[in-house]
Structure formats: C-alpha cells, structure tokens
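Quick notes on the structure that follows.
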Amino acid sequence: MQYLPIFTKLDNKPVLVVGGGEVALRKCRAFLKARANVTLVAPWFCDELKEHAHNNEVTLIDAYFDESHLEGKMLVIAATDRDDVNNNVFELANARNVFVNVVDDQPKCTFIFPSIVDRDPITIAISSAGTAPVLARRLREKLETLIPQHIGPLATLVGSFRDKVKQRFKHFADRRQFWEGVFDSSVVSKVQTGNTEAAQAQLSQMLDAKAEPEGEVYVVGAGPGDPELLTLKALQLMQQADVVVYDYLVSDEIMELVRRDADLVCVGKRLGDHSVAQEDTNQMLVDFAKQGKKVCRIKGGDPFIYGRGGEEVQVLAANNVNYQIVPGITAAAGCSAYAGIPLTHRDHAQAIQFVTGHCKKDGQELDWQSLAKAHQTLAIYMGVIKSPHIQAELLKHGRSATTPVAIIENGTRKNQRVVTGQLGELADLIERNSVISPALLIIGEVAALHSQLAWFGQNEQTSSFAQPLTDVSNT
Ligand SMILES: C[S@@+](CC[C@H](N)C(=O)[O-])C[C@H]1O[C@@H](n2cnc3c(N)ncnc32)[C@H](O)[C@@H]1O
1 MQYLPIFTKL DNKPVLVVGG GEVALRKCRA FLKARANVTL VAPWFCDELK EHAHNNEVTL
61 IDAYFDESHL EGKMLVIAAT DRDDVNNNVF ELANARNVFV NVVDDQPKCT FIFPSIVDRD
121 PITIAISSAG TAPVLARRLR EKLETLIPQH IGPLATLVGS FRDKVKQRFK HFADRRQFWE
181 GVFDSSVVSK VQTGNTEAAQ AQLSQMLDAK AEPEGEVYVV GAGPGDPELL TLKALQLMQQ
241 ADVVVYDYLV SDEIMELVRR DADLVCVGKR LGDHSVAQED TNQMLVDFAK QGKKVCRIKG
301 GDPFIYGRGG EEVQVLAANN VNYQIVPGIT AAAGCSAYAG IPLTHRDHAQ AIQFVTGHCK
361 KDGQELDWQS LAKAHQTLAI YMGVIKSPHI QAELLKHGRS ATTPVAIIEN GTRKNQRVVT
421 GQLGELADLI ERNSVISPAL LIIGEVAALH SQLAWFGQNE QTSSFAQPLT DVSNT
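Note that my numbering has the sequence shown beginning at 1, numbered continuously upward.
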C-alpha cells in the first residue's frame with residue numbers, strides 16, 4: 001500500500017499553501033471545509049483568496065516562499081506554476097518531516113487528496129495513489145449514485161443515541177444486534193423522508209424494547225424498461241426490500257437489480273390475464289408489511305399513471321401501513337423520447353393528453369370531441385385492442401385521416417419497434433405488423449417527426465441500446 005488512508009482532524013491546525021492562483025484556491029477551500037488554520041504565501045493572490053482573507057478566514061503572506069514559512073505547519077501544499085519553487089517546497093518540507101503535496105506531481109506527495117463521497121458525518125475516500133485519478137473519480141461517481149443522501153442524517157441520529165445504547169447494553173454483541181435491528185427497521189425510511197422526529201421516537205421505543213418490528217411498502221415506478229431509466233431512489237429501495245411484488249410490465253433487466261435474497265412475488269397483469277386480483281394484491285402488501293417486512297411494490301412506468309398505484313396506496317393508508325411513493329418515467333415520456341417524437345412542439349402540438357384505451361367496464365366513455373382536436377398529441381396506453389374504435393371515434397369527431405400516428409412496441413427496450421403511418425389506417429397498421437403488448441400509440445402531428453429525429457434520439461442512448469431499432473414506416 002503506497003498511502004495509508006487515515007482521516008485527520010485539522011480543526012484549527014496550521015497548514016500552509018504555497019501559491020495564490022486558482023489551484024491554491026481549490027486546495028484552500030478543501031482545508032477550510034475541515035476548518036483548518038490556513039496560511040497562503042505568494043507574491044500575488046487571486047481576488048477570491050483576498051476575499052477569504054478579508055473575511056478573516058485565511059492569512060495571506062505577500063512574499064516569495066522560504067523555509068521560515070514552514071515553521072509550525074503540519075501540512076504543506078505547493079500549488080505554484082514554477083517547478084523550481086514546488087521542488088524547493090517539497091525538499092524543505094520533507095527534510096522537516098512535514099507532510100507535503102506538490103499538486104499534479106505524485107512522486108513529490110507524501111500525502112494526497114482522495115476523491116470523496118461526502119455524506120457528512122459519513123465520508124468515503126477513494127484513491128488510486130496518483131496512478132489513475134480519472135478512474136478514481138469514476139468510482140466516486142458510481143458510489144455517489146449508490147449511497148443515498150439520508151445516510152448522513154441517519155449517522156448523525158444514530159450518533160446521538162450511542163451513549164444511551166452503551167448504557168442499555170453492556171456487551172458489544174448485544175449492541176451490535178440492536179443496531180442491526182435499527183438499520184433493518186423503518187427508522188431508516190423515516191430519516192429518508194425527512195421525518196427525523198418520528199425516527200427519533202421510534203429509536204427511543206426500540207431502546208425501551210417496546211417496539212414491534214415495523215414493515216413498510218415502497219410503491220416504486222420502474223420506468224418503461226431500460227434499467228438505466230430507473231431513479232436512484234427506486235434502485236436504492238429495490239436493493240433494501242425483503243419482498244418484491246412485481247408486474248409483468250417490469251423488464252427482466254430491472255428485476256435483475258433487486259436484492260439477491262429478496263422474495264419475488266409476481267402479481268401478473270396482462271389484459272385479460274390478471275394472475276392475482278387487485279384486491280388480493282392490496283391485501284398481500286398490507287399482510288407483508290404487518291409481518292414487519294420491507295416490501296417493494298414495483299410497477300412499470302409510473303405507479304400513478306394507469307398503474308393502480310392510487311388504489312394500493314389508499315389501502316395501505318387505511319391500514320396504517322408506512323409507505324413511500326417513488327415516481328417513474330411513464331411510458332409516454334420514455335417511448336416518445338427513444339422514438340425521437342417530442343410530445344409537444346411549438347410548431348405542431350401545444351397540448352398532450354394521456355389516454356387509456358381500456359376503461360373500467362361501467363360505460364365511462366372518453367371525451368372524443370376534445371381528443372379529436374388538431375395540434376395536440378394523444379399518448380394512448382393500452383390502446384392496441386381498441387384501436388379500431390379509437391380510429392373510428394377520432395375520425396367521426398373531425399380528426400383528419402392523414403394525422404400522423406406512431407405505435408411504439410416495447411419502448412426503450414432492446415427490442416423496441418416503431419410503426420408509423422396515418423390515423424386512417426391505424427387499426428390496419430397494428431394488425432398488419434402484428435403489434436404486441438406493451439405498445440403505446442402516439443397520435444398527432446408530432447408523430448411525423450420520428451422519421452427526422454429517431455436516429456438522433458437513438459444515437460443519444462447508451463451503448464446498451466446500440467442495436468438499430470426496428471422501424472416499420474408506412475408513411
Ligand atoms: C397498465 S399500463 C401501465 C402504464 C405505466 N404505469 C406507465 O406509467 O407507463 C400498461 C400500458 O402502458 C404502456 N406501456 C408501458 N410500458 C411500455 C413500453 N415499454 N413500451 C410501450 N408501451 C408501454 C402500454 O400501452 C401498456 O399497455
């Protein structure tokens with residue numbers, strides 16, 4: 001190991017930065033974050049450093065560096081653009097056993113600045129010992145996405161209970177068991193949702209051993225299929241669930257990302273094939289939560305857009321089950337973007353309506369008059385089977401037969417297929433091309449832009465979608 005990772009407490013400790021420009025400023029900021037006592041020496045200083053000095057945050061010495069400036073310093077940074085000065089700082093500091101860092105010159109560093117994931121008081125430092133800083137930065141970016149923001153406040157809360165827990169449990173093993181229980185409990189999601197008081201109250205109860213294990217349900221939108229369209233929050237909750245209750249619409253790649261040892265329950269839902277009735281799904285969520293389990297109820301797209309998430313959450317609320325709701329990218333947004341079809345466009349569509357082709361069987365009919373208006377976009381979910389009816393009603397209410405349409409099958413997935421044509425042939429297009437579910441219908445002037453923008457849109461996707469999309473154009 002070239003560098004031993006240690007965390008130093010620099011609070012009010014004397015450090016020196018040699019240099020007065022942008023690089024010196026950056027290093028100075030890092031020291032100030034750690035509340036160090038910072039002195040800078042240089043014949044010239046940038047305005048921001050002068051401002052820090054004006055606010056009594058740093059001391060500036062307007063001079064060329066010499067050995068006397070090292071007196072009493074714990075650490076020194078050489079951040080000048082002159083090799084001879086930097087070398088001199090390194091030699092003199094090293095001779096005095098003062099830790100030294102010459103910026104961008106790793107052999108002349110007896111300490112280095114790691115890449116940091118900052119969830120104060122939790123800090124994660126990553127170093128490649130100066131060999132591959134860009135790689136270290138990439139690792140940091142990965143960790144940034146994986147480690148939720150609430151870890152910091154959670155650590156603060158836990159820290160405030162440490163003494164009480166030590167008094168209550170004399171043995172280390174008992175304390176560890178207690179904390180494991182806390183981190184598996186809904187204290188975590190209370191902190192996550194900013195409900196610190198409730199988290200504190202629950203922690204106190206757990207300490208008094210009055211609390212039953214408390215389950216909770218995360219109602220999570222998984223987006224239309226590409227796993228990279230998951231939100232960070234969705235990913236984090238999928239990975240902390242004991243049970244995952246999912247629909248067919250959630251893609252296999254997304255299911256790969258749930259916690260390995262979670263129990264998986266498929267509740268189906270394809271048109272005409274409800275493997276589990278909605279009422280039973282609702283009850284299942286309540287029952288799992290009452291058993292103290294963390295349940296991830298994961299749904300395709302957004303849970304509140306034709307996802308029956310509203311009904312499930314109503315039942316959870318009625319049964320006093322804790323829950324969180326995480327929005328997802330809805331099919332209309334995901335499919336249209338990946339097909340290069342802007343849902344609104346200043347020249348073509350000033351409004352967008354989300355419509356379902358599959359109404360509850362109680363005679364509810366759509367407002368066809370409003371849906372048939374020109375210069376708007378219809379994004380029709382579950383519209384494949386009803387397409388002859390949709391086509392007939394829109395034409396009857398005045399929408400032109402030449403209105404462009406696009407049918408996006410398996411949108412955002414590797415097997416995405418886009419079929420384009422005109423409203424007058426919508427049902428025929430679906431039949432001729434054997435369109436299968438899931439498919440979204442986009443009706444409106446903007447659908448014609450697919451032929452111009454699809455490749456641009458597709459080239460913007462990541463390499464996992466590098467295969468050309470199948471494109472069946474009938475215009
Ligand atoms: C029950 S709805 C669920 C909608 C989902 N909650 C959402 O926000 O996207 C199912 C319908 O959404 C549309 N859909 C969902 N994912 C899709 C995808 N990847 N490609 C095309 N259409 C999709 C289809 O119209 C499908 O029949």
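All C-beta atoms, glycine included, are put in the ideal place defined by N, C-alpha and C.
Residue from G357, A36, T131, Q291 whose Cα sits closest to the Cα of M382: G357
Secondary structure of S370, DSSP reduced to three states: helix
Where does N12 fall in DSSP's three states? coil
Keeping to the same chain, check which residues put their C-beta closer than 7 Å to that of V276; ignore five residues upstream and five downstream. V267, G268
Using 8 Å as the cut-off, can you tell me whether the segment 19-39 makes contact with the segment 92-100, which would need three or more C-beta pairs spanning the two stretches below that distance? no
Among A132, I298, L146, which has the Cα closest to the Cα of V217? I298
Just to confirm the assignment: which complete alpha helix (DSSP H) runs, minimum length 4, are found wholly within the segment 10-76? 22-33, 47-54
C-alpha distance - L40 paired with G20, whole-angstrom precision: 7 Å
Given I77, which residues of its chain have a CB within under 6 Å of its CB, disregarding the five upstream and five downstream residues? V17, K27, N101
Suppose the cutoff is 6 Å on Cβ atoms and the five residues either side in sequence are ignored; what does the same chain contact list for N88 look like? none
Taking 7 Å as the cut-off, does the CB of S437 come closer than this to any heavy atom belonging to ligand 1? yes
Which whole-angstrom value is the C-beta distance of G444 and A337, which I expect to be below 8 Å? With a Cβ gap of about 16 Å, G444 and A337 do not count as contacting.
Between K9 and ligand 1, is there a pair consisting of the residue's CB and a ligand heavy atom that are separated by less than 7 Å? no
Got a sec: does ligand 1 put a non-hydrogen atom nearer than 7 Å to the Cβ of C296? no
Between which two residues does the beta strand (DSSP E) carrying E228 extend? Note, E228: premise wrong, no beta strand (DSSP E); not H, not E.
State the Cα-Cα distance for the pair T475 and E22, rounded to the nearest angstrom. Annotation note: pLDDT 40 at T475 (below 50); position unreliable, coordinate value reported separately. Their Cα atoms are separated by approximately 57 Å.
Could you give the distance in angstroms between the alpha-carbon of L146 and the alpha-carbon of P327? 18 Å
If you measure from the beta carbon of E365 to each beta carbon in chain B, is any gap under 8 Å? The question asks about chain B, but that chain is absent: this structure has only one protein chain.
Limits of the unbroken beta strand (DSSP E) element including P404: 404-409
Is any non-hydrogen atom of ligand 1 found closer than 7 Å to the C-beta of K27, if you look at the structure I gave you? no
Neighbourhood of F31 by C-beta distance below 6 Å, restricted to the same chain and skipping five residues each side: V15, V38
In whole angstroms, what separates the C-alpha of Q200 from that of L157? 7 Å
What whole-angstrom Cβ distance do A332 and F354 have, given they're in contact under 8 Å? 6 Å
Distance between K164 and Q278 (C-alpha atoms, nearest Å): 45 Å
What are the start and end residues of each continuous alpha helix (DSSP H) run of 4 or more residues lying completely inside the segment 235-321, in chain order? 252-255, 278-290, 309-318
Identify every residue that forms a DSSP beta bridge with T123. D118
Coarse secondary structure for L343, derived from DSSP in three states: coil
For the beta strand (DSSP E) that N101 lies in, which residues bound it at each end? 99-102
What do you get for P388, buried or exposed, if any count of 16 or more other CB atoms within 10 angstroms of its CB means buried? exposed
Quick one: give me the first and last residue of the alpha helix (DSSP H) that G221 is part of. From DSSP, G221 is part of no alpha helix (DSSP H) but of the beta strand (DSSP E) over 216-221.
If you draw a straight line from the alpha carbon of V98 to that of R176, how long is it in whole angstroms? 39 Å
Using the beta-carbon count (16 or more within 10 Å), is H52 buried or exposed? buried
Is P342 near ligand 3, in the sense that its beta carbon is under 7 Å from a heavy atom of that ligand? Although ligand 3 was asked about, the structure shown includes only ligand 1 as ligands.
Starting from I151, trace the alpha helix (DSSP H) in both directions and tell me its first and last residue. 151-168
Separation of K9 from K170, as counted between CA atoms: 29 Å
Are the beta-carbon atoms belonging to I203 and V220 less than 8 Å from one another? Looking at the sequence itself, residue 203 is Leu, so the reference to Ile does not match. Cβ distance not < 8 Å, so L203 and V220 don't count as in contact.
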